[in-house]
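So the protein lines, in turn, are chains X and Y.
Heads up, the first sequence is in our numbering, so the first residue is 1 and it goes up one at a time.
Heads up, the second sequence is in our numbering, so the first residue is 1001 and it goes up one at a time.
For every residue, glycine included, the Cβ atom is placed at its ideal position computed from N, Cα and C.
There are 2 protein chains.
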Amino acid sequence: MKRENISDAVIRRLPRYYRYLCDLCDKGVNRISSQSLGTKMNVTASQIRQDFSCFGEFGQQGYGYNVEELKCEIGRILGLENPHHLILVGAGNLGRALLNNFSFDRAGFSADAAFDTNAQLFGSEINGIPVYSVDELDTYLQSHPVDVAVLSVPQAVAQSTADRLIRLGVRGFWNFTNVELTSREPDVIFENIHFANSLLTLCYRITHR
Amino acid sequence: MKRENISDAVIRRLPRYYRYLCDLCDKGVNRISSQSLGTKMNVTASQIRQDFSCFGEFGQQGYGYNVEELKCEIGRILGLENPHHLILVGAGNLGRALLNNFSFDRAGFSADAAFDTNAQLFGSEINGIPVYSVDELDTYLQSHPVDVAVLSVPQAVAQSTADRLIRLGVRGFWNFTNVELTSREPDVIFENIHFANSLLTLCYRITHR
Chain X
1 MKRENISDAV IRRLPRYYRY LCDLCDKGVN RISSQSLGTK MNVTASQIRQ
51 DFSCFGEFGQ QGYGYNVEEL KCEIGRILGL ENPHHLILVG AGNLGRALLN
101 NFSFDRAGFS ADAAFDTNAQ LFGSEINGIP VYSVDELDTY LQSHPVDVAV
151 LSVPQAVAQS TADRLIRLGV RGFWNFTNVE LTSREPDVIF ENIHFANSLL
201 TLCYRITHR
Chain Y
1001 MKRENISDAV IRRLPRYYRY LCDLCDKGVN RISSQSLGTK MNVTASQIRQ
1051 DFSCFGEFGQ QGYGYNVEEL KCEIGRILGL ENPHHLILVG AGNLGRALLN
1101 NFSFDRAGFS ADAAFDTNAQ LFGSEINGIP VYSVDELDTY LQSHPVDVAV
1151 LSVPQAVAQS TADRLIRLGV RGFWNFTNVE LTSREPDVIF ENIHFANSLL
1201 TLCYRITHR
C-alpha cells in the first residue's frame, strides 16, 4: 500500500467515503462509479480517483468500484481492523451524551471506562460503561491498554489532565475542551472538536452570505 | 475591506486568530508580531500576513499588530458586531450540554430558545433558556428572528427537521446530528460538527503514527 505525505484534506475525506460506502453496502449496492461517488460526496470524479491513488490501485476502468471491497480497503486504511481502546475523562453532560449516543465501535474504538471527580458517579455505569474516580486513572492505565482518551473535562483542568494522561502513556486525545492542548512529546496526537471555532465560522458564513 | 474568494482554510483560521487575540487582550498585551502570532498558531509569519491581506491592510512593518485593533477587526470580519439569534432543536444530553456550557455570546449568538418533543421539558428553562414544544416552532419563528438553528435531534428526524426549519425561513444550521444534510435552497448554510469523521480521522492518525 502506498502511503507517503498524504495531505490532511485527503485524510479528512476518508471517513466520509467510508461512511457512505457502509450505507451503500447496507442498501445492497454492489458497485459505484467514481462519478456517482463524487456527486454524492460533493467532489469531482477525478478528485476521488486521485484520493484513492494515494493508497494504491482501486476500481477498474469502465466498471467503477466494488463497494464491499472499497469499503473494506478504506476501513483497513483508517485502521478499523482491530479495535482501539478508549477511555473518557469527564462524565458531565457532554461526556454522558457521547457515551449514551455515540457509536464508538463504528469508529474503531472500544469505550472501556469513564472517569470523573463526582463521587456520586463512582461505581455506576453509563450505557454499560463503568465510571471510576479520576484518582484511579494511574492504577487503571497500568493494567489496561488505552490508545485514546476522550477529554471532556472543564477548561481549567484540560491541559493538566492531558499532561497527566501523557505521563501515564496515553498518546491519542479526542479533545472536547475547546482548549488548544500541547505536548512536548512528538508522538502525541490531539484531534479537536472545537465548538467555538465551528460556530464562529458559521457566523462568518451567514454574515457574508 | 477586500473580500474575494476567501478560501475555506483562511476562514477556518480566523476564529483561532480571534480567540487568541481575545486571550492576549485579557492579559493586557498591546502588540504582537506576525512571527509570535504565527508561532502560537502553528503557521508561518508569512501565512499570517497573507491571511490578513485577504481582508485589507493590518499591522505596520517593524511594529507588528496592535492587538486590540486586530481583535476588533477580525471580530468585525467574523460578523460579531451585532449578535445573531439562535435556537436549539433537540434538548437531549448533547443539547443540554451545549446550553449549559457553551458561550454562545462569545461566538456572536444570542441563544433565545430551545425546542424538544419531551413534554416534561415544556415550560422549563435550561441555563435561563426557555424550552418549548417543537409544535410551537411555527408560531415562534413567525414572531422571532432566527439566524441559526442548532440541530441536536436524533438522526432519524435530522433531515425532516431541517426541511421544516428551512420552510419556516431558517438559513443557518449548526448540525450535530452526524447526518449530511442537504437543501435545494442555495442560501442555506450547514456547519457540521461531525463526531464520527473526527474520531475516524484520529483512528487513522494513531494507526499510521
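Listed by chain order, chain A residues near Pro-1130 of chain Y by CB distance under 7 Å: Here the protein chains are X and Y, and chain A is not one of them.
Minimum Cβ-Cβ distance from Thr-1201 of chain Y to chain X less than 8 Å: Under the 8 Å criterion on CB atoms, Thr-1201 of chain Y is classed as interfacial with respect to chain X.
Neighbour list for Gly-1079 of chain Y in chain X, Cβ cutoff strictly below 8 Å: Near Gly-1079 of chain Y (Cβ distances below 8 Å), the residues of chain X are Cys-203, Tyr-204, Ile-206, Thr-207 and His-208.
Nearest-angstrom beta carbon gap, Asn-1093 of chain Y and Arg-96 of chain X [assumed within contact, 8 Å]: Right, their Cβ atoms sit about 5 Å apart.
Where the stretch 96 to 128 of chain X meets chain Y: residues whose CB sits under 8 Å from a CB there: Flagged, chain order: Arg-96, Ala-97, Leu-98, Asn-100, Asn-101, Phe-102, Ser-103, Phe-104, Arg-106, Ala-107, Gly-108 and Phe-109.
Pairwise C-alpha distance: Phe-1195 of chain Y and Pro-1154 of chain Y: Cα-Cα distance, rounded: 14 Å.
Runs of beta strand (DSSP E) lying entirely within the stretch 100 to 128 of chain X, each at least 3 residues, in chain order: Secondary structure in the stretch 100 to 128 of chain X: the beta strand (DSSP E) runs of 3 residues or longer, each lying completely within the stretch, are 109 to 116 in chain order.
Stretch-stretch touch, CB-based, cutoff 8 Å, three pairs: the stretch 133 to 142 of chain X with the stretch 99 to 118 of chain X: The stretch 133 to 142 of chain X, when compared against the stretch 99 to 118 of chain X, does touch it at the 8 Å Cβ threshold.
Closer than 9 Å at the beta carbon, the chain X residues around Tyr-1017 of chain Y: Among the residues of chain X, none has a CB under 9 Å from the CB of Tyr-1017 of chain Y; the nearest is roughly 10 Å distant.
Of the residues Y:Leu-1141, Y:Gly-1123 and Y:Phe-1190, the one placed nearest Val-1150 of chain Y, counting alpha carbons only: Comparing Cα-Cα distances from Val-1150 of chain Y to each of Y:Leu-1141, Y:Gly-1123 and Y:Phe-1190, the minimum goes to Y:Phe-1190.
Contacts of Gly-172 of chain X in chain Y (Cβ-Cβ under 7 Å): Residues of chain Y passing the Cβ test: Leu-1202 and Ile-1206.
C-beta neighbour in chain Y for Leu-181 of chain X, strict 8 Å: Put simply, the CB of Leu-181 of chain X is far from chain Y, with every gap to its CB atoms at 8 Å or more.
Candidates X:Asp-23, X:Met-41, X:Ser-34 and X:Pro-15, of which the one nearest Gly-59 of chain X by Cα: Ranking X:Asp-23, X:Met-41, X:Ser-34 and X:Pro-15 by Cα distance to Gly-59 of chain X puts X:Ser-34 first.
Candidates Y:Ile-1077, Y:Arg-1031, Y:Glu-1073 and Y:Glu-1125, of which the one nearest Ile-1011 of chain Y by Cα: Nearest C-alpha to Ile-1011 of chain Y: Y:Ile-1077.
Residue ranges of each alpha helix (DSSP H) within the stretch 1117 to 1191 of chain Y, 4 or longer: List check, alpha helix (DSSP H) in window: 1137 to 1143 and 1158 to 1167.
C-beta neighbour in chain X for Glu-1073 of chain Y, strict 8 Å: Not one chain X Cβ lies under 8 Å of Glu-1073 of chain Y.
Buried or exposed by the 16-neighbour rule on C-beta atoms within 10 Å, applied to Gly-62 of chain X: Around the C-beta of Gly-62 of chain X, fewer than 16 other C-beta atoms lie within 10 Å, and the residue is accordingly described as exposed.
For Tyr-1063 of chain Y, the three-state DSSP class (helix, strand or coil): Three-state result, Tyr-1063 of chain Y: coil.
Min CB distance Leu-151 of chain X to chain Y below 8 Å: Chain Y contact via Cβ: absent.
8 Å Cβ cutoff, Leu-1088 of chain Y in contact with chain X: False, the Cβ-Cβ gap to chain X never drops below 8 Å.
Chain-ordered neighbours of Asp-1147 of chain Y on chain X, where CB pairs are closer than 8 Å: Within chain X, the residues near Asp-1147 of chain Y are Ile-206.
Chain Y contact for Ile-11 of chain X (CB, 8 Å cutoff): At least one chain Y Cβ lies under 8 Å of Ile-11 of chain X.
Chain X contact for His-1266 of chain Y (CB, 8 Å cutoff): Nothing can be reported for residue 1266 of chain Y: it is not among the residues displayed for chain Y, which extend from 1001 to 1209.
Contact list for Ile-1193 of chain Y against chain X, beta-carbon separation under 8 Å: Correct list: Ile-193, Phe-195 and Ser-198.
Proximity below 8 Å, CB of Leu-1086 of chain Y to CB of Asp-1112 of chain Y: Contact flag set, yes.
CB contact below 8 Å: Asn-66 of chain X versus chain Y: No, Asn-66 of chain X lies away from the interface with chain Y (no Cβ there is under 8 Å from its Cβ).
Opposing strand residues paired with Val-1089 of chain Y [DSSP bridges]: Note: Val-1089 of chain Y sits in a beta bridge opposite Y:Phe-1115 and Y:Leu-1151.
Gly-169 of chain X versus X:Phe-176, X:Glu-180, X:Asp-187 and X:Phe-55, residue with shortest Cα-Cα distance: Nearest Cα to Gly-169 of chain X within the set X:Phe-176, X:Glu-180, X:Asp-187 and X:Phe-55: X:Asp-187.
Leu-1141 of chain Y at chain X interface by Cβ criterion, 8 Å: So, not an interface residue.
Under 8 Å between C-beta atoms of Tyr-18 of chain X and Met-41 of chain X: In this structure, Met-41 of chain X does not lie closer than 8 Å to Tyr-18 of chain X by Cβ.
C-alpha gap between Thr-1139 of chain Y and Ser-1036 of chain Y, whole angstroms: Distance between the alpha carbons of Thr-1139 of chain Y and Ser-1036 of chain Y is about 51 Å.
Candidates X:Gly-79, X:Glu-81, X:Cys-54 and X:Ser-46: closest to Gly-64 of chain X by CA position: It is X:Ser-46.
Straight-line Cα distance separating Leu-1200 of chain Y from Phe-1109 of chain Y: Roughly 30 Å separates the two Cα atoms.
Three-way DSSP call (helix, strand, coil) for Ile-1032 of chain Y in this model: Correct three-state label for Ile-1032 of chain Y: strand.
Cα-Cα separation, Arg-205 of chain X to Cys-1072 of chain Y: Straight-line measurement puts the Cα of Cys-1072 of chain Y at about 18 Å from the Cα of Arg-205 of chain X.
Closer than 8 Å to chain Y by CB, Asn-5 of chain X: Residue-level contact check: Asn-5 of chain X does not touch chain Y, since none of the beta carbons of chain Y fall below 8 Å from its beta carbon.
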